[in-house]
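Heads up, my numbering is the position in the sequence shown plus 101, with the first residue counted as 1. Okay, so here's the structure we're looking at.
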Amino acid sequence: MNLLAFDTATTGCSAALFLDGRLAAHRAAAMARGQSEALMPMIAEVLADGGCSYGDLGGLAVTVGPGAFTGLRIGLAAARGLALALTVPCAGVTTLEAVARAVPEAARAGGRVLVALDSKRADLYVQIFDGNLVPLTEPAAMMAAALAEIAAGGPLTVVGDAAPRALEALAGAGIAALGADAPGVPDAAVVGEIALARGLPPVGAAPAPIYLRPPDAIRPKDGGRLRP
């Protein structure tokens, strides 16, 4: 299958093209904002690098969170629009599983992987997987000090852009854990690998976002109208 995967959910923007199930082109850039301007040109570059057109695509994959609200909406809007225009299926992949899968097998064999992502607030986005990347906990937003409640139980490797905070909290609670040489944020190449391995949903099944908490800006119940 020819598949286009992309990610704008955290502090980067990346796109990857798979031709017949193999990675053929990849672009990535770190950015805290500006994904809305960068994504579509990056996708065009990836398609050009792979000698592929939109009409050659058989599927899409996109990160669905948790992550930055604006970044998630950018990626999901692009994915839904392309899926509708091309009449192709679109798979959703969580940011947590994408980061976990990037951990080398040797670092997770026989143990567990705790992914900790920066929520841009006081808490972290976290999830624990076994060595085969089967989820052991649900995605959650929690304070670093509360990680000890879910982290006890054997060897633990901690990854993600909030790994230093998580490791410090676990050490303070007397729980042994190690870091790993792995990317701290999702990458489209890994997102595509997960989607291809799992299989794509039916055409028309739109991926749903995973937010875990309300947005920072909430519309007032009265719509923000001035009162007399």
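Glycine residues also receive a C-beta, built at the ideal position from the N, C-alpha and C atoms. None of these values were measured; they are calculated from a predicted model.
Beta-bridge pairing of residue i - partner residues as DSSP gives them
i	result
D219	L225
L248	Answer is none; L248 lacks a bridge partner.
C191	L161
M243	L225
C114	A130
P236	F230
Rounded C-alpha distance that separates residue i from residue j
i	j	result
A178	A201	25 Å
A149	L271	46 Å
G212	A203	15 Å
F119	I229	28 Å
E239	G151	36 Å
G73	L183	In the structure as shown, the chain starts at 102 and stops at 329, and residue 73 therefore has no counterpart that could be examined.
P284	L225	17 Å
G305	A298	20 Å
A125	C153	10 Å
A145	R266	37 Å
G325	A169	At G325 the pLDDT is 47, less than 50, meaning the model places this residue with poor confidence and gives no usable figure here.
Option nearest residue i by Cα separation, candidates the options
i	options	result
A242	L120, L118, G305, I311	I311
R314	G160, G166, L161, Y155	G166
R209	V216, L218, S220, D231	D231
Proximity below 8 Å, CB of residue i to CB of residue j
i	j	result
L279	T258	yes
P303	V163	no
Beta carbon proximity, residue i to chain B, threshold 8 Å
i	result
R314	Among the chains of the structure shown, chain B does not appear; only one protein chain is present.
Give a yes or no on contact between the segment 130-144 and the segment 186-200, applying the rule of three or more CB pairs nearer than 8 Å. In short, these stretches do not touch, since the Cβ pair count stays below three.
The segment 109-120 in contact with the segment 168-177 per 3-pair CB rule at 8 Å: For the pair of segments examined, the segment 109-120 was found to touch the segment 168-177: the number of CB pairs separated by less than 8 Å reaches three.
Three CB pairs or more closer than 8 Å across the segment 290-304 and the segment 242-257: Look at the beta carbons and you see the segment 290-304 not touching the segment 242-257: under three pairs across the two are nearer than 8 Å.
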